[in-house]
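Protein chains in written order, with full-length UniProt numbering: chain D, 1 to 352; chain A, 1 to 352; chain C, 1 to 352; chain U, 1 to 352. We put the beta carbon where it would ideally sit given N, CA and C, even for glycine. Please read the structure below before turning to the comments.
Protein chains: 4
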Amino acid sequence: MTESQKVAVGIVGASGYGGVQLVKLLSEHPEVEIVYLGGDSSAGKDYADLYPHLGHLIQNKVEPIDLDVIASRCEVVFLGLPNGLACKFAPKLIERGCKVLDLSADYRFTSLETYTAWYQTERDDGAIASSAVYGLPELYREQIKNSSLIGCPGCYPTASLLALSPLIKQGLILPETIIIDAKSGTSGGGRQGKINLLLAEADNSLGAYGVAKHRHTPEIEQICSDLARSDVKVQFTPHLIPMVRGILSTVYATLRDPGLVREDLITIYNAFYRSSPFVKILPNGTYPQTKWACGTNLAYIGIEVDPRTGRIIVMSAIDNLIKGQAGQAVQCLNLIMGWDEDLGLPKLGFYP
Amino acid sequence: MTESQKVAVGIVGASGYGGVQLVKLLSEHPEVEIVYLGGDSSAGKDYADLYPHLGHLIQNKVEPIDLDVIASRCEVVFLGLPNGLACKFAPKLIERGCKVLDLSADYRFTSLETYTAWYQTERDDGAIASSAVYGLPELYREQIKNSSLIGCPGCYPTASLLALSPLIKQGLILPETIIIDAKSGTSGGGRQGKINLLLAEADNSLGAYGVAKHRHTPEIEQICSDLARSDVKVQFTPHLIPMVRGILSTVYATLRDPGLVREDLITIYNAFYRSSPFVKILPNGTYPQTKWACGTNLAYIGIEVDPRTGRIIVMSAIDNLIKGQAGQAVQCLNLIMGWDEDLGLPKLGFYP
Amino acid sequence: MTESQKVAVGIVGASGYGGVQLVKLLSEHPEVEIVYLGGDSSAGKDYADLYPHLGHLIQNKVEPIDLDVIASRCEVVFLGLPNGLACKFAPKLIERGCKVLDLSADYRFTSLETYTAWYQTERDDGAIASSAVYGLPELYREQIKNSSLIGCPGCYPTASLLALSPLIKQGLILPETIIIDAKSGTSGGGRQGKINLLLAEADNSLGAYGVAKHRHTPEIEQICSDLARSDVKVQFTPHLIPMVRGILSTVYATLRDPGLVREDLITIYNAFYRSSPFVKILPNGTYPQTKWACGTNLAYIGIEVDPRTGRIIVMSAIDNLIKGQAGQAVQCLNLIMGWDEDLGLPKLGFYP
Amino acid sequence: MTESQKVAVGIVGASGYGGVQLVKLLSEHPEVEIVYLGGDSSAGKDYADLYPHLGHLIQNKVEPIDLDVIASRCEVVFLGLPNGLACKFAPKLIERGCKVLDLSADYRFTSLETYTAWYQTERDDGAIASSAVYGLPELYREQIKNSSLIGCPGCYPTASLLALSPLIKQGLILPETIIIDAKSGTSGGGRQGKINLLLAEADNSLGAYGVAKHRHTPEIEQICSDLARSDVKVQFTPHLIPMVRGILSTVYATLRDPGLVREDLITIYNAFYRSSPFVKILPNGTYPQTKWACGTNLAYIGIEVDPRTGRIIVMSAIDNLIKGQAGQAVQCLNLIMGWDEDLGLPKLGFYP
């Protein structure tokens, strides 16, 4: 069914922004072939009806979601579905021998209680869920390599955790002082006709949302707590920015050792991410622009220390739909398959 | 020289964005008449050459800056000049009997040492400077009424101080925990051909700048310290947002009393700003969008409390060029002249 | 029920972008008082729930649409409803003595056959419809003054007709050569959750739509034909531009007399619009930017002649929601009531 | 000096937007190696100082422009310089055995008189100039393959000529009726600090410029005349659009045969571009969005016929910096070197 040597992959939920990124990235990936695109409301349509600019390369139809069909054709399945659906499908796909990369929140939590508390969804797939690995390769590279079920991180947690991890892992900050002020382009809201995401509403405007209650909070806290080996709470505030793609997380924390200077921290970060091909620590006094990451799987990190206040300020920029979503899933796929971690993933954005 | 009963006003530095806001606001103000528009590099040009859309209403030429001419014609002078120039001109205008509203940083500081440390400009106008009042009417209304020299606040300090003042004045927060994450449209960078302000560079991108060293930091700290009657240091991080106008300041601080809830704080804010016609405290769970303030002299303030962390998060949105600059100067003028504080100032933005 | 001397006005369909412009403009108008805001899906809500930034000035609730109630309270009614609804309501409001300004297409056509052909709506209000006047004051000022039912023009026709009228009226061009290439911000698509109007889709992109079949075509042709006293067909192509507000119409036509130069035409346009306070003809070589008109009821017109091709190119810029919609309706109201044509209407945009 | 088998290429004028696109495209091209980056004002700087996001992949310094050094190192040289400079350098590089791809206007004209009339630059390199080929592969594929000096087309001519060529070549339209209404993102204005290109000025605004006198006019006319084998004049009007990248050309012309329908023309276009891997003719009723082309070397073309007026309307969308500039130069390189025409060039844009 597939070209010789290529791995057959399918995408369930191919019509949204996560789906179309996957379609692009997997189409250009040298080792895989897309053999299935599935959707619910879009089933039966040509994919080119949804995205006419892809008509010259993607001739697939969107097919209905039939797990037997999917499993018979695909070695690897990407799930790009609303929260609460992947946990219905993934167990059956795993059972049928597929590897599953889930882009929703369903398999990000080690505690289903936390999941249920924040997502208001009851679950009965605890056994499978406990086998899932959090798909942030920079932190869980080895575990990902040996897993068949990946809960790919949210876009905000990716940007925020890449900024925070060296500090927490090495005990450099007071965890109770962590504040994450995050800013995202509107594509993070998905391809749905919401009034607040209209250009007429969102352009030339700026505001916070989900203050003190956004669902990415427990996800960030879970990983921070895992790194710190103690319970960490963070202050997380997302903002909607009048741009299409990109996230900037500005992270504040108080240093334990007020004598540390910027150069020290740049050295620490560079060491921490030495084996991570997609994390780029910026030199002294350079702060990241989200545009630099746009169209790539990179995370750019800038670091500043304020000796007046004893705080470190870390800024991380990613493309919310690539490193924050589809690209990261492909990065996990590369690890699972034993390929180079950066195989087929873009590292050079177009500028401007 | 002027229409009967109207107050003659002049604008020095009329060609920039601050200048053109003043031209608009003062043209529509019922009690003043613009009798002088001055500039340096633009002297001799028709104002309509700089802003063709105003040609039908503003027939003035931009005149060279001659203090005797200005003083002979104007009762009130607005200075919209780069930092370090107002302190050369203001003393001579005051001497000649003018009232002066300065939009630069020159008269914002009670300590000229602080000014010199952050702005690298030596000054010898200490006597005059000590008579200047910080032009934030919501905090210094009475002093403004009796002053002839106003140092109008910067755009970031305006948004940040309106968010912080009730908390500091009433001792509700731990001052050492204050973090201000501020976001501004690019018009704050002025009408000058800088690469980083090009649409091609700034659009669809986002980044921080001046981290831990922006010059608005000491200005915010001075007023906070004045309110707190003790030395306050803040963490202030500005960001450039891909939009024309607007500032959002997201302010974080730890509450002294973790039992306070959002409703308490909304009540406190409403009381604090009861006599301030331009500050609007939003109801429970509503957070400000900068677009709401765009084209007005209003500041919208939203309040959230996070019981998980004990922090308050306050968001304030203004139009950086109106309440953050020209509108505030006109508000001060109204106070100085004994007019209604909101005379001639816009309160209803166009939407969307 | 109303303040003494003020005219009581109501808005049916107050929740959309046309509605909220009317709310702003009428709130600031010195001679009217808003006594009714009506809607269908939004009935029962506070207006401030729809537009929180207006909460400090507009305390009205959105009321259900009850024609008797409306007529009992309002002297003048603005209808901001989808096409095909105004023709149900207007006859009954006229009957009850109201003056009606309709923002939809229902009363723009002298021929109901044309309307039905392009809008697929059968009508039985022919008698009333024939009494309606096309609400473009620059062309039909006197008729508007004496009418009780105004069909306010569409946004594209306003921009296009202001550019074309002097040429057609005075027979300066070959009518069969008229091409109108129009560009609009996305607010023209209304406050509805359409995918193509999302910021993520529409920002940083550009495309034509409705090519050779947009419903504003017959509206433009009707007025052109009326001016020419012969049947005129135009080529009209609208484009969606990644901005919130504004329309630019670039109009091309072949001059009958190839000896005419730009200066001649500027003179002709200035004469044609001498009595029109909202049309501004730009001087030699200046072309309009839509931003100049933003927030105002102005139309800026720039003119160029190409001696190489014998064509005139006219560019007109308006704010699609003000001169292209709500502001024009208020301008018509001013005429109907015998007030100054420009009473209460903004003439100075904020810049930038 | 270079990796075995790779072709050594240099870029003179690497600091601008054209340069940085070339750096990206050539870095990812499988058959070339960048061995020289040159500039004037930026000479001596690290390339990563100009574009920090490229620091992880491009360690080159910008070198001064020394033709002997360039020729000694490079087999192929891209010139990305202001108009009037390439004609000084190219002859010497050709003499020294280099192949030259010039992105400026200097080698686009078969008549140096036309060049001098529109560009006000005297030239004495007529012999070399007459050997140059216009680098639009879709029209001059065979000539490009055998040339050492390519004058790469401007961005507007690329979009416009791809839309017009089938019509002109096959005599389907009346050439004197051609009107090109073109719309470009602001990156076309280059990386220079011009006031009108500031985000604060250009965002949320729209205007025409260079009406009846833009320098791309004679370039379009030259190629149209060549195709028509007679003198063709076009009406060309460029507009600045508030977006970073992308050009849409909306082209109008009167059909000779009013009986032709849209389907006929789609068939004709598909045939005309059958061997052109980067031109995509859209199906019935689909019109191109510039975003579809963004980040690719593709041109999307949509076609409409208006039976009411007898006109054809053709819309073509490209990325102005890729197919409109750097990508097209690489496409020419591929032809010159005998490689596949689409080698190393992107065909799948990121969306949204």
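Query, Result
"Whole angstroms are fine: how far does the CA of serine 111/D sit from the CA of proline 352/D?", "42 Å"
"Give the straight-line distance between the Cα atoms of isoleucine 318/C and glycine 189/C, rounded to the nearest whole angstrom.", "16 Å"
"Between the C-alpha atoms of threonine 254/U and isoleucine 168/C, what's the straight-line distance to the nearest angstrom?", "21 Å"
"Taking the straight line between their C-alpha atoms, what separation do you get for proline 346/U and arginine 215/C?", "38 Å"
"Give every residue of the same chain whose Cβ lies closer than 7 Å to the Cβ of glutamate 122/U, excluding the five residues on either side of it in the sequence, and list them in chain order.", "Thr116"
"Are the segment 254 to 266 of chain A and the segment 223 to 236 of chain D touching, with three or more C-beta to C-beta distances below 8 Å?", "no"
"Starting from the N-terminal side, write out each stretch of the beta strand (DSSP E) that is 3 residues or longer and does not extend beyond the segment 3 to 35 of chain U.", "7 to 12"
"Counting only Cβ-Cβ distances shorter than 9 Å, please list the residues of the segment 190 to 220 of chain C near chain A, keeping chain order.", "Arg191, Asp203, Asn204"
"For the segment 327 to 352 of chain U, list every residue whose C-beta sits within 8 Å of some C-beta in chain D, in sequence order.", "Lys347, Leu348, Gly349, Phe350, Tyr351, Pro352"
"If you draw a straight line from the C-alpha of leucine 343/D to the C-alpha of histidine 29/D, how long is it?", "7 Å"
"Between the C-alpha atoms of arginine 73/C and lysine 213/C, what's the straight-line distance to the nearest angstrom?", "40 Å"
"If you measure from the beta carbon of leucine 57/C to each beta carbon in chain A, is any gap under 8 Å?", "yes"
"DSSP three-state call for proline 166/U: helix, strand or coil?", "helix"
"Using a Cβ cut-off of 7 Å, pull out every chain C residue sitting near arginine 187/D, in sequence order please.", "First, the residue type needs correcting, since residue 187/D is serine and not arginine in the sequence shown. Per Cβ cutoff of 7 Å: Ala200."
"What's the C-alpha gap between leucine 50/U and valine 279/D?", "20 Å"
"Count the other CB atoms, across all protein chains shown, that sit within 10 Å of the CB of proline 283/C; report buried if there are 16 or more and exposed otherwise.", "exposed"
"Counting contacts by CB-CB distance shorter than 8 Å, is glycine 295/A in contact with chain C?", "yes"
"Taking all protein chains shown into account, do 16 or more other C-beta atoms lie within 10 angstroms of the C-beta of glycine 18/U, making it buried, or fewer, making it exposed?", "buried"
"Any beta carbon from chain U within less than 8 Å of proline 52/A's own beta carbon?", "no"
"Could you tell me the boundaries of the beta strand (DSSP E) in which methionine 243/C lies?", "From DSSP, methionine 243/C is part of no beta strand (DSSP E); its letter is neither H nor E."
"With C-beta atoms as the reference, is threonine 237/C less than 8 Å away from alanine 208/C?", "yes"
"Please report the distance separating the alpha-carbon of aspartate 68/U from that of alanine 202/U.", "42 Å"
"Let me confirm a value: alanine 271/U is counted as buried when at least 16 other C-beta atoms fall within 10 Å, else exposed. Which label applies?", "exposed"
"My output table needs one value for glutamine 255/D: the three-state DSSP class, helix, strand or coil.", "At residue 255/D the sequence reads leucine, which differs from the glutamine that was named. If DSSP states are grouped into helix, strand and coil, leucine 255/D belongs with the strands."
"Using 8 Å as the limit for Cβ to Cβ distance, is valine 20/U near chain A?", "no"
"What are the residues in the segment 279 to 307 of chain D lying within 7 Å of chain U by C-beta distance?", "Lys280, Leu282, Thr286, Trp292, Gly295, Tyr300"
"In the DSSP assignment, what residue or residues form a beta bridge with threonine 250/A?", "Asp181/A, Met315/A"
"Would you check if the distance between the CB atom of isoleucine 312/C and the CB atom of tyrosine 252/U is smaller than 8 Å?", "no"
"Please identify the residue among Glu95/A, Val62/A, Arg191/A, Leu161/A whose C-alpha is closest to the C-alpha of residue 357/A.", "Within the shown structure, residues of chain A are numbered from 1 to 352, placing residue 357/A beyond reach of any answer."
"Secondary structure at aspartate 203/C, three-state DSSP: helix, strand or coil?", "coil"
"Would DSSP call lysine 92/U helix, strand or coil?", "helix"
"Going by beta carbon distance, what residues of the same chain come within less than 7 Å of alanine 48/U, once the five residues before and after it are set aside?", "Leu54, Gly55, Ile58"
"How far does the beta strand (DSSP E) with lysine 280/C in it reach, from first residue to last?", "279 to 281"
"If you reduce the DSSP assignment to three classes, tell me which class glutamine 192/D lands in.", "coil"
"Along chain C, which residues have their Cβ under 7 Å away from the Cβ of aspartate 181/U?", "Asp181, Thr250"
"Beta-carbon within less than 8 Å of valine 62/A's beta-carbon, same chain only, minus the 5 sequence neighbours each way: which residues are those?", "Ala14, Ser15, Leu37, Gly38, Gly39, Ser42, Ala43, Gly44, Lys45, Asp46, Tyr47, Leu50"
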